[in-house]
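Student: For the protein sequence lines, the chains are A and B, in the order given. For the first sequence, the working numbering assigns the number 871 to the initial residue and increments by one for each residue that follows. For the second sequence, the working numbering assigns the number 8 to the initial residue and increments by one for each residue that follows. Below is the structure I would like to discuss, written out as structure tokens.
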Amino acid sequence: MIRKKILLLGDFSVGKTSLVKRYVDGTFDDKYLTTIGVKISKKLLTLKGVEYELLIWDIEGSTPSKKISLGYYKGASGAIFVADVTRKETIEGIEAHKEVFLSENPDAKFVIAYNKSDKLSEILKEQMELTENSFLTSAKNDENVEALFIKLMENMLS
Amino acid sequence: MKNIQIILNSILSKDIFEYVLVDKSLKIVETSQGLDKYLDRVPKRDDDLLKFCPELFGVEKEINKIFSNKSMLYVLESVHKKEYYVNLSVEHYDENMVLILLHNITDTTLSQQKLLQYSNESILLNNTLQKILDSQNAILFVTHNNEISYTNDQFMKYFSVKKMMDLKRKNLKIYTYLDETLENYDALFERVNSKEEYITIEKDTFILKATWIESTHKLFTLTKVTRLSDDMLKDSLTGVYKKTYFDKRIQKIIRHQEDAIVVVIDLDDFKAVNDTYGHQAGDDVLREFTALIQENIRSDDVLARWGGEEFLLLLQHTSVENALKKVEAMRKLIAEHTFSHIGRLTASFGLASKEKNDDMHTLLQRADKALYEAKKSGKNCIKFKKV
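In structure tokens:
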């Protein structure tokens, strides 16, 4: 079995923990509880006949006054950058997260989750400019969550 | 030895530290008794360390260096394991083993989490309030020493600035748009407080309001009205202003102690036009009549419909003598004009000049009396009424 370490990075309250909970446990809780430090969850999955153990690092979100400890970045093969699609500043913040992460892990792969898409109208959803590596996700409605993780894995294995 | 002593003391006293000893192949050699509270099952000798401490996956190279380097240390802070938080450190034990310490920091971390939760929720609330503020009319806060301390997004967008600094650089003074004689925001506040004023900035008209925010700040709100005003303020038949707009202009003139001349105009025998040629012809005559006057007044003169065939004309920056000449030319023009459907038509004019103690009512009343005298004098003439 091959282990892979991936990180969820983004500003606070964008739904990183909810995405992990939805993907790993298949559950969702609307209540906001700030993550402090890091929580590691495991997920077993098989891709092209190979078994993988995904170590998913749900890391405390950054705030204007508190940045993420670089110690968490070591040895990561991939990252999911998460933004709250209703908070413009969290979308703009993705570039900064990407820059720090890739400077620590230049060969790592990433995908982007524009989360909380359940709060967008269908018209606004259509207006979002997405690439093959970015997804409109909703942990609440289980929209594109699995596709997000699978895409990252595929990128990491390509 | 020193570390072991610390560990033993802690284990015995406060249950703060747990430890794991691992060999070079990262297999477990020994663990402390209380380690199981952080794990789903108790690890045994020769178990794979990374199964129990997945946090150390990806840093195996760093750990390997610790076997041979006593001064090296790898630390991972605030790791959530089951219902606990631990600081995890890997340090040299001997050349064949490294010591992994799990420092229970649950109590302090939970306190920090409460604070962080409170802080994050406050930021979210603040962001929401900011969005509400930005969705409102243009607003600005001014300090007691006349400095602009905050403007919202709408305000910045209108004045094409991105930051407060740009605003200061532009030296933007809203009060000068209302009245050039105003010296600062205090003066503006005195003027606008507890009422509202129309303020024109470039081509747009705003309603300006002011209110205190605590005792330290004054809040000014600018509500744009331009887009609606043209349709709302003009008479649908003739396209000239409605009486309401005329009234506002007069009130402003009186408030600012400006000079002005008001002319009340009435088409002579207009009822006969309607009776003889019908109301459609009457409407056409009114349109032709107002177009004729509009072509012969200045752009800052105001022509308004008072009702029926009666109109008001506001003239500023002119003397009574010149106004009389102008109106006489107007009278002649109308009398000599051939109106479609009906041919000739005349009008009577009543003039009044604004005096020091006039209010809107007395000024209009005097102009109306002058018109009455013109009608009484045989129509198609002009009368001026002094106080």
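C-beta: ideal position from N, C-alpha, C; glycine also.
(1) In three-state DSSP terms, what is Thr-369(B)?
(2) Looking only at its chain, what residues have a beta carbon closer than 8 Å to the beta carbon of Tyr-91(B), apart from the 5 residues adjacent to it on each side?
(3) Are the region 210-220 of chain B and the region 253-270 of chain B touching by the rule of at least three beta carbon pairs closer than 8 Å?
(4) For the region 921-949 of chain A, which residues have a CB atom closer than 7 Å to at least one CB atom of chain B, in sequence order?
(5) Could you confirm whether any beta carbon from chain A is found closer than 8 Å to the beta carbon of Gln-119(B)?
(6) If the cut is a Cβ gap below 8 Å, which residues of chain A does Glu-84(B) touch?
(7) Buried or exposed for Arg-336(B), please, with buried defined as at least 16 other CB atoms from any protein chain shown within 10 angstroms of its CB.
(8) Residues of chain A with a CB under 7 Å from the CB of Thr-116(B): which are they?
(9) Got a sec: is the Cβ-Cβ distance from Phe-64(B) to anything in chain A below 8 Å?
(10) Report, in whole angstroms, the separation of the C-beta atoms of Thr-297(B) and Val-247(B), which I expect to be a contact under 8 Å.
(11) For Ile-964(A) and chain B, any beta-carbon pair shorter than 8 Å?
(12) Quick one, which of Phe-882(A), Ala-1009(A), Ile-1020(A), Ala-983(A) has its alpha-carbon nearest Thr-897(A)'s?
(13) Which same chain residues end up closer than 7 Å to Lys-169(B) when comparing Cβ atoms and leaving out the 5 residues on each side of it in sequence?
(14) Which residues does DSSP pair with Asp-101(B) in a beta bridge?
(15) Within 8 Å (strictly less), CB to CB, does Ser-883(A) reach chain B?
(16) Under 8 Å by Cβ, that's how I've got Leu-83(B) and Glu-62(B) pegged, so tell me the actual separation to the nearest angstrom.
(17) With a cut-off of 8 Å, does the C-beta of Asn-71(B) fall near any C-beta of chain C?
(18) Under 8 Å, do His-151(B) and Thr-223(B) count as touching if we go by C-beta distance?
(19) Straight-line CA distance for Glu-190(B) to Leu-147(B)?
(20) Counting C-beta neighbours from all protein chains within 10 Å, is the total for Trp-927(A) 16 or more, i.e. buried, or is it exposed?
(21) For a contact meaning CB atoms closer than 7 Å, what does Lys-875(A) contact in chain B?
(22) Is any beta-carbon of chain B found at less than 8 Å from that of Arg-957(A)?
Tutor: By the coordinates alone:
(1) helix
(2) Lys-44, Tyr-45, Asn-111, Thr-113
(3) no
(4) Leu-925, Thr-933, Ser-939, Gly-941, Lys-944, Gly-945, Ala-946
(5) yes
(6) Gly-907, Ser-939, Gly-941
(7) The question names Arg, but residue 336(B) in the sequence shown is Ala. Ala-336(B) is exposed by the Cβ-count criterion.
(8) Ile-906, Gly-907
(9) yes
(10) 5 Å
(11) no
(12) Ala-1009(A)
(13) Met-163
(14) Met-104(B)
(15) yes
(16) 6 Å
(17) No chain C appears in this structure, whose protein chains are A and B.
(18) yes
(19) 17 Å
(20) buried
(21) Phe-64, Gly-65
(22) yes
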